[in-house]
Structures are given as structure tokens and as C-alpha cells.
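Those letters in the sequence shown? Residues 1 to 290, per the UniProt record's numbering, in order.
Contents: one structure, followed by commentary.
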Amino acid sequence: MTGFGESHAQLNGLAVTVEVRAVNNRYFKLNIRGAEGYACFEPQIEAIVRKHAKRGTINVNYRVHRQASADDYRLNAAVLKSYLQQLRGVSSDLGLAETPHWDSLLQLPGVIEERNSEAIDVDADWPLLEKVLNEALTRFTQMRGEEGRATSIDLTNNCQEIAVQLAEVEKLAPQVVENYRTRITERLNKLLEDFDVTADPASVIREVGVFADRTDISEEVVRLKSHLDQYATIMEKEDSAGRKLEFLTQEMFRETNTIGSKANDSEIARRVVEMKTCIERIREQIQNVE
């Protein structure tokens with residue numbers, strides 16, 4: 001299920017921004033991109049994200065900006081003196097009276113030393129990063145919840161349409177056997193009328209019985225009804241239902257496919273096509289469900 005959440009905060013010269021994005025995925029996959037020196041927090045970040053998402057490709061991007069202080073930079077007097085001595089010596093040898101400019105000197109390598117990032121106590125920054133991450137995930141979850149409600153409506157509508165088509169199939173099923181009995185009787189009588197012989201009723205009944213057994217879809221209809229009932233129950237009561245619904249969708253398709261192959265009737269076949277279309281829509285949407 002797609003989603004987006006963002007948050008940022010500042011405290012004691014430290015600014016933190018977190019963005020959380022998600023795209024559909026059958027499984028859970030987490031990608032973390034953050035500031036240099038903060039990779040040690042990835043296990044904690046993953047543990048927090050897993051509380052909010054069970055499926056999907058989750059991308060967490062965070063930025064940490066620390067306001068510069070007087071302690072972050074230091075003038076290396078020894079290096080500066082060395083530069084000055086060398087420049088004065090070269091100027092004397094060449095007979096130049098020009099004095100080096102301070103702005104040029106300060107840009108020379110090693111004159112200004114910046115505090116090493118390893119010297120920063122990143123553990124002290126974790127509480128603020130954790131707070132901002134949780135805020136971003138809360139907004140992320142809210143957005144996914146809105147999408148989830150829309151998805152639930154679509155899934156329910158498709159299940160209701162399957163139930164409508166299935167009810168029509170159930171009504172048509174008994175007529176299939178009767179139609180077959182009429183057709184086979186008429187066909188045999190037509191073939192035998194030249195010999196002034198009528199079809200043996202017992203043989204016809206036996207043939208119709210074999211056909212009825214081969215085309216009986218009552219078990220498949222019962223199971224498909226059960227799957228639809230389970231679908232509705234799971235969507236109403238369970239928070240993380242994606243994998244269960246995915247399994248039920250596969251079973252629904254299997255039962256519908258069997259009905260289509262056994263029914264041997266054009267009108268039932270048309271109804272089966274409608275049911276399969278709805279199941280395919282459900283299959284696409286179910287990838288978005290937690």
C-alpha cells in the first residue's frame with residue numbers, strides 16, 4: 001500500500017527531517033538513507049517502522065543538520081606560520097614586496113580544522129531523531145489508512161458482485177441437467193425414427209445420471225460461498241489480513257475455474273467470466289493490503 005509521511009524538528013542547534021514513502025510489495029522491504037555517522041541507528045529505525053507496516057517497500061530518508069559552533073572549527077597556527085614563512089621566503093628570493101592576503105591564506109589546506117564527525121556524540125541525537133521518525137510514521141499510517149478504507153470498499157463491491165453472479169449460477173445449475181436430458185432424448189429419437197424404434201428410457205436416465213454427476217457444481221458453489229463469508233469476516237475484524245485474503249483469493253479463483261469447466265452451459269460460462277473478472281480485480285488490489 002502506498003503512503004507518505006514527513007516531519008521535522010529543531011532542538012539545541014540540531015535540525016532533523018524524516019521522510020517515509022511506501023510502494024506496493026507482497027513482502028516487507030526497508031531502504032534507509034541517512035546522514036553520515038548515523039548508520040548505527042538502522043536497527044532501531046527498522047524496529048520502529050515494523051510497528052507501522054507489515055508489507056510494502058518502505059523508504060526512510062532522514063537528514064540531520066547541526067548548527068555550527070565555535071568549537072567546531074580551529075585555526076592551526078603551526079600550519080599557518082609554516083605557510084607564511086614559505087611565502088615570505090619565496091617573495092624575498094623573487095624580490096616581491098606583495099604580502100599574502102588573509103582570505104587566501106585561510107583557504108589553504110590544513111589552516112582551518114573542522115571537528116571530525118566521529119567526535120560528535122550521535123547517541124545524544126537519537127531522542128530527537130526517534131521523535132521525528134515516529135511523527136512521520138504516524139502521518140504515513142494515516143495516509144495509508146485512508147487508502148485502505150477506499151480499498152476495502154472496492155474489495156467489498158467486487159465480492160458482492162461475485163455473490164450476485166454465483167446466485168444466478170446456482171439457479172441455472174439444475175436446468176443444465178434437464179436441458180441435457182431433453183437434447184439427448186430428442187437426438188436419439190431422431191436417429192432411431194427411421195427404424196421405428198424409440199429410445200430406451202433406462203439408457204437415457206443412465207446417461208443423464210452420468211452427465212449430472214460429471215457436471216455437479218454444488219460442492220464448488222458451497223465452498224465459494226464460504227470463502228466470500230470468510231473474506232467479509234476477515235476484512236471487518238483483523239488488522240493485518242493481507243496474506244489471509246491473498247490465500248482466499250487464490251481459492252476463490254480455483255473454485256470459480258472449476259465451476260466454469262464443469263458446468264457445460266453457455267449462460268453459466270458467461271457468469272463465470274464475470275466472477276473471474278472480479279477476482280482478478282481483487283487479486284490486484286490485495287497486494288495493497290497489510
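Note that CB positions come from ideal geometry on N, CA and C, so glycine has one too.
Because the structure is a prediction, the values reported are computed rather than measured.
Here Ala39 is exposed. Its C-beta has fewer than 16 other C-beta atoms within 10 Å.
Ranking Pro174, Ala241, His101 and Gln44 by CA distance to the CA of Lys54 puts Ala241 first. With a threshold of 16 other beta carbon atoms within 10 Å, Leu94 falls short and is exposed.
Cβ-Cβ separation between Leu133 and Val18: approximately 5 Å, consistent with a contact (criterion under 8 Å). DSSP places Tyr231 in the uninterrupted alpha helix (DSSP H) bounded by Ser218 to Lys237.
Of the residues assessed, Ile153 falls on the exposed side of the cut-off, its CB having fewer than 16 other CB atoms within 10 angstroms. C-alpha of Leu224 to C-alpha of Thr57: approximately 32 Å in a straight line. With 16 or more other Cβ atoms from the protein chains shown falling within 10 Å of its own Cβ, Gly5 counts as buried. Contact holds between the segment 134-154 and the segment 278-290, because three or more Cβ pairs, one in each stretch, are under 8 Å apart. With contacts defined by Cβ atoms closer than 8 Å, Ile217 and Ala263 form a contacting pair. Just measuring C-alpha positions, the residue of Val221, Gly37, Val60 and Glu135 sitting nearest Glu255 is Val221.
Within its own chain, no residue has a Cβ closer than 6 Å to the Cβ of Gly148 once the five positions on either side in sequence are excluded. Going by DSSP, Gln10 is part of the beta strand (DSSP E) stretching over Gly3 to Leu11. DSSP places Tyr38 in the coil class of the three-state scheme, outside both helix and strand. Bridge pairing for Ile58: Ala22 and Leu30 [DSSP]. Here the C-alpha atom of Arg26 lies approximately 36 Å from the C-alpha atom of Glu267. The alpha carbon of Ala15 has as its nearest neighbour, out of Asp125, Ala173, Val169 and Ala47, the alpha carbon of Asp125. Membership of Asp103 in the alpha helix (DSSP H) is indicated by the continuous run Trp102 to Leu106. Around the C-beta of Asp265, 16 or more other C-beta atoms lie within 10 Å, and the residue is accordingly described as buried. In the DSSP assignment, Val16 is bridged to Ala9 and Val64. With respect to the 8 Å criterion, Asn12 and Asn31 are not classified as neighbours on the basis of their beta carbons.
Note that the C-beta distance between Val111 and Tyr83 is below 8 Å. Taking the Cα of Glu170 as reference, the smallest distance to any Cα among Glu280, Glu219 and Asp229 is reached at Glu219.
Cβ contact annotation for Phe140 (same chain, cutoff 6 Å, sequence separation greater than five): Gly3, Gly5 and Val20, in chain order.
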